[in-house]
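Per the working numbering, the sequence shown starts with residue 1, numbered consecutively.
Note that the Cβ used here is the ideal one computed from N, Cα and C, for glycine as well.
Worksheet for the structure shown next.
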Amino acid sequence: MTQLKKRTVALIILLAFALCSLCACSQSKEVKFGTGNSEGMYYQFGSLLADESQNEAEVPTITVETTAGSSANLRLLSQGFLDMAIVQADTLNDAYNGTGLFSNSGAYTGYSAVAGVYTEACQIIVPADSPIESIEDLASKTVSLGERESGVLQNALQVLDAYNLQESDFTPEYLSFSESAQAMKEGKIDAAFITAAIPTPAVTNLADSIGVRVLSIDPFAVNVLTKRHSYYTPCTIPANTYAGQSEAAQTVGVRAVVVARNDMPEDQVKSIMQLLFNGQIPFAEKLKSSMQPTLEEATEGVPIAFHPGAAAYYADNDITVDVMNSSDEGKSVSGGQDD
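This is the structure in structure tokens:
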């Protein structure tokens, strides 16, 4: 064999090895999945998904990342620090379009929708023996509005605004679910806003200790919220969801939405979709909540277009959605199931 032929063969072998390595990397790439604080439902949801990804050869390994919540997740996605995340639909809409709380910071883009996975209830929690009977009674009290950069904070401000209440009308605290529960147990706060699937573990644990009530949002305010913000829907928290809560509470809910970076490979997104909806992960049973994703509701309440990998999965199941492309950046579009 001549020297030229030897070099040619060596080059071919090197190229083949490099190509195989690239393919292996593409299949085994770690997916960083943004959730919330370690006591919240986002973290628990992501952890179940991550655990199951370890058992599926076709699914990339998912690593759960703790964050402050929805706003932080969308910022980190747009900056390339996360590959996927779970966020509230309302925060997703405003962050993507640079509206609401994001009107000053500007839009966060570079990601698209994967699936709406469950509905989160806006819960306003007070101790069972509290004299607070309505949201108007929160004036002059100490109230936890959720962590900064969380969707909870946005919900709290929007609900309060429906009652013409501002942060200056009370003493605000910016606490996580577990911090809010501990502060209420110690008598340091009078009320806490918590947006999550019900029952929420942090609230359940608090209720088992001191008993709680959930304040209702009155019909007029519910109407105001649903008209101002299309992502809100009326929602009921049944009586006895928590210890001390003897009456049902009327409130609003938003969808929790899984999103992915636009440059995430389509096959990876599609494989994670299969993991979400193949029924092998008993989310509701494991988390003792109402948060079991269903394909029938996966496109409901999702305010932006879908990742091509997600769209391919939906197409396989006879569901048509709007697909994200470069011209969609910064626009709010709706996806839905074909009738």
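- What are the residues that DSSP puts in a beta bridge with I62? Looking at the DSSP output, I62 sits in a beta bridge with V31.
- Over what stretch of residues does the alpha helix (DSSP H) that includes Y43 continue unbroken? M41 to S53
- Message: Measuring only the C-alpha atoms, how far is A192 from V31?
- Response: 33 Å
- Comparing alpha-carbon positions, which option in D322, Q158 and T67 lies nearest G34? It is T67.
- In the DSSP assignment, what are the bridge partners of V173? First, the amino acid is wrong: residue 173 is Glu here, not Val. BP columns for E173 point to S144.
- Is the segment 108-123 touching the segment 80-99 in the sense that three or more CB pairs, one from each, lie closer than 8 Å? yes
- Message: My output table needs one value for I124: the three-state DSSP class, helix, strand or coil.
- Response: Strand, per DSSP.
- Message: Does G106 pass the burial test, meaning 16 or more other C-beta atoms within 10 Å, or should it be called exposed?
- Response: exposed
- Message: Distance cutoff 8 Å, beta carbons only. Does D90 sit that close to anything in chain B?
- Response: Of the chains in the structure shown, none is chain B; there is only one protein chain.
- Check whether G301 and F177 have beta carbons under 8 Å apart: no
- Task: Pick out whichever of Y96, N104 and E65 has its Cα sitting closest to the Cα of A85.
- Result: E65
- Query: Who does A113 pair with in a DSSP beta bridge?
  - Reply: Answer by DSSP bridge pairing, in chain order: V259 and F306.
- Task: Could you tell me the boundaries of the alpha helix (DSSP H) in which Q158 lies?
- Result: G151 to A162
- Query: In chain order, what residues of the same chain lie with their CB nearer than 7 Å to the CB of Q182, ignoring the 5 residues before and after it?
  - Reply: Result list for Q182: empty, nothing under 7 Å.
- Query: To the nearest angstrom, how far is it from the Cα of G151 to the Cα of Y242?
  - Reply: The alpha-carbon atoms of G151 and Y242 are separated by roughly 23 Å.
- Task: Sort S209, A315, T236 and S130 by Cα distance to Q274 and report the nearest one.
- Result: A315
- Does DSSP put T91 in a helix, in a strand, or in coil? helix
- Message: Using DSSP's beta-bridge definition, name the partner residues of M84.
- Response: F33 and A260
- Message: For D218 and Q268, I'd like the C-alpha separation in whole angstroms.
- Response: 44 Å
- Message: Relative to the C-alpha of E147, which candidate in K270, N55, G187 and G36 has its C-alpha closest?
- Response: G36
- Nearest to L175 by CA position, among S144, S134 and S289, is which residue? S144
- Query: Start and end of the alpha helix (DSSP H) containing V323?
  - Reply: Element bounds for V323: n/a, residue is neither H nor E.
- Query: Using CA coordinates, which residue listed in T200, L76 and V126 is at the minimum distance from E149?
  - Reply: Nearest C-alpha to E149 among T200, L76 and V126: L76.
- Task: Provide the residue span of the beta strand (DSSP E) that contains P234, from first to last.
- Result: T233 to I237
- Could you pull the start and end residues of the beta strand (DSSP E) that T195 belongs to? A191 to A196
- Item | Cβ pair L138, L165 closer than 8 Å | A contact, by the Cβ cut-off of 8 Å.
- Query: To which residues of the same chain is A196 closer than 6 Å at the C-beta, ignoring the five residues directly before and after it?
  - Reply: M41 and E120
- Message: If distances are taken between C-alpha atoms only, which option among V321, L287, L295 and A310 comes closest to L48?
- Response: Relative to the Cα of L48, the nearest Cα in the group V321, L287, L295 and A310 belongs to L287.
- Task: Starting from T226, follow the alpha helix (DSSP H) in both directions and report where the run begins and ends.
- Result: Taken as a continuous stretch (DSSP letters only), the alpha helix (DSSP H) holding T226 covers P219 to R228.
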